[in-house]
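Numbering (the numbering used here), first residue to last: 60 to 382. Every residue, glycine too, gets a C-beta built ideally from N, C-alpha and C. Only a predicted model underlies this, so the values are computations on that prediction, with no experimental measurement involved. Heads up, the thing below is written out as structure tokens.
Next up, the structure:
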């Protein structure tokens, strides 16, 4: 007989798919950057790494680099989806009609330039036509097929120098990699990438950063060194698990990310939901949830919502508003 006040548990057979799924997710290998070289540390990448769109990666970097490092990134971007009204988008972002533009899919896959999916030096009418021809069209990337649903539009930035920067969270710290030879040939030039490992709780000091920028011209070391330290501060403060800029360049002597990828530790959402803002965790390109996985995601959302309600009540009890 069930004691009073105890919830009735589902039959073991109904829990089997859920248990199997959880067991699979806990043992499945985590995806990692094709550029990042393994550190050899045990248990690396054990956190819940969730990819976010380039649009959100740049938004978070711009917002919090100013707050944490006093660096003003003069980057602009707009997001285009099936529901976007271009006239309204231009009203919200007037720069779209006054500058040459770059447009590319924002779908969590790389090698967009090599795949002919990046258009450069367009006006807004040409961007609209480029998007119209490709929105909803199925493409194959890395053996996965799916329609393109989201684009990012940015100012076209002519440049000569391309740098590479990445920060990857490991079990015992973070690996920071930098190269003066960034761009689409980074994999072929990986021998030119300089890497430092920073143990957990050790700050990114000028001495820690020095090996990364040692071969830069003297006049560039200060700006790029400060930028690397600022990016690392954002990485830690917002619980990123991975940041990659390939490339970033210098515009009027200031760092300017051209292409960026980011992953967040979504188990830290309880303390970062205000900093992250209106953030989406899209499924990997070509990924479709099974019915069991959809059930788990819905259950997860309900549980998190319930937890937040209890936390809000708890804090109101501890810190009642002044009357």
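| Check | Outcome |
| --- | --- |
| By Cβ distance below 6 angstroms, which residues in the same chain neighbour residue 301 in space, the five residues on each side in sequence not counted? | 227, 322 |
| Please list, in chain order, all residues of the same chain as residue 58 whose beta carbon is under 7 angstroms from its beta carbon, the five residues on each side excluded. | Outside the shown range of the chain, which is 60 to 382, sits residue 58, and nothing can be said about it. |
| Identify which residue in 275, 339, 208, 232 has its Cα closest to the Cα of residue 222. | 275 |
| Using three-state DSSP, classify residue 268 as helix, strand or coil. | helix |
| Does the separation of the CB atoms of residue 257 and residue 215 fall below 9 angstroms? | no |
| Going by DSSP, name the residue or residues bridged to residue 388. | Residue 388 is absent from the model: the chain starts at 60 and stops at 382. |
| Which same chain residues, not among the five before or five after residue 149, have their C-beta less than 7 angstroms away from its C-beta? | 155, 156, 183 |
| Please classify residue 326 as buried or exposed, where buried requires at least 16 neighbouring CB atoms within 10 angstroms. | exposed |
| Bridge partners of residue 232, per DSSP? | 258 |
| Using only alpha-carbon positions, find the residue among 308, 292, 309, 343 that is nearest to residue 122. | 292 |
| What do you reckon, are the CB atoms on residue 195 and residue 320 nearer than 9 angstroms? | no |
| Where does residue 197 sit, in a helix, a strand or coil, going by DSSP? | strand |
| Flag this pair as yes or no: are the beta carbons of residue 252 and residue 233 separated by less than 9 angstroms? | no |
| Can residue 316 and residue 134 be called in contact, C-beta distance under 9 angstroms? | yes |
| How would you label residue 241, buried or exposed, when you count the other beta carbons within 10 angstroms and need 16 or more for buried? | buried |
| So the candidates are 224, 264, 260; which of them puts its Cα closest to the Cα of residue 245? | 224 |
| Sort out for me which residues DSSP pairs residue 203 with in a bridge. | 200 |
| Could you tell me the distance, in whole angstroms, from the CA atom of residue 206 to the CA atom of residue 118? | 24 angstroms |
| Which value, in whole angstroms, describes the spacing of the CA atoms of residue 217 and residue 351? | 48 angstroms |
| Quick check on DSSP: helix, strand or coil for residue 241? | coil |
| Which residue or residues does DSSP assign as beta-bridge partners of residue 137? | 212 |
| What does a CB cutoff of less than 7 angstroms around residue 280 pick up in its chain, not counting 5 residues either side in sequence? | 272 |
| Between residue 112 and residue 165, how many whole angstroms is the CB-CB distance? I'm expecting something under 8 angstroms. | 5 angstroms |
| So for residue 308, helix, strand or coil by DSSP? | strand |
| Could you tell me which of 187, 295, 278 sits nearest to residue 384, measuring between CA atoms? | Absent from the structure is residue 384, since the part of the chain shown begins at 60 and ends at 382. |
| Straight-line CA distance for residue 309 to residue 267? | 22 angstroms |
| If you compare alpha carbons, which of 191, 173, 185 is closest to residue 142? | 191 |
| Using a 10 Å radius around the Cβ and a threshold of 16 neighbouring Cβ atoms, would you call residue 289 buried or exposed? | buried |
| Is the beta carbon of residue 340 less than 9 angstroms from the beta carbon of residue 110? | yes |
| Which of helix, strand or coil does DSSP assign to residue 377? | helix |
| Considering Cα atoms alone, identify which of 312, 203, 171, 212 is closest to residue 187. | 212 |
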